[in-house]
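Okay, so here's the structure we're looking at.
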Amino acid sequence: MSRRAHLRDWAQAHHARHGFAHWAVQTREDAALIGTLGLLYRETLPVPHIGHLMTLR
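So the sequence shown is numbered by the UniProt record's numbering: it starts at 1 and just counts up by one.
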């Protein structure tokens with residue numbers, strides 16, 4: 001499974017469970033996936049976590 005497909009499936013499942021999820025971050029030049037950002041539900045926190053994940057090219 002590609003990184004893009006894995007992140008898409010994870011975000012869709014998280015959104016289905018919690019009503020919000022991370023969004024993909026892409027470059028303008030070639031639409032390369034470089035990370036995610038958004039809200040994340042964590043059982044250990046009382047409120048959703050605002051976070052991001054960026055990868056190195």
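From the three backbone atoms N, C-alpha and C, an ideal C-beta is built for every residue, glycine too.
Does the Cβ-Cβ distance between residue 36 and residue 56 come in under 8 Å? Going by beta carbons, residue 36 and residue 56 fall outside the 8 Å limit.
Excluding the 5 residues flanking residue 41 on each side, which residues of the same chain have their C-beta closer than 6 Å to its C-beta? Excluding sequence neighbours, residue 41 sits near 18 and 48.
Quick check on the burial criterion: 16 or more other C-beta atoms within 10 angstroms. Buried or exposed for residue 51? Counting the other CB atoms within 10 Å of its CB gives residue 51 a total below 16, which places it among the exposed residues.
I need the straight-line Cα distance from residue 13 to residue 4, nearest angstrom please. Each residue's Cα considered, the two are about 14 Å apart.
Taking 6 Å as the limit between beta carbons, can you name the residues of its chain near residue 15, skipping five residues before and five after? Answer for residue 15: 21, listed in chain order.
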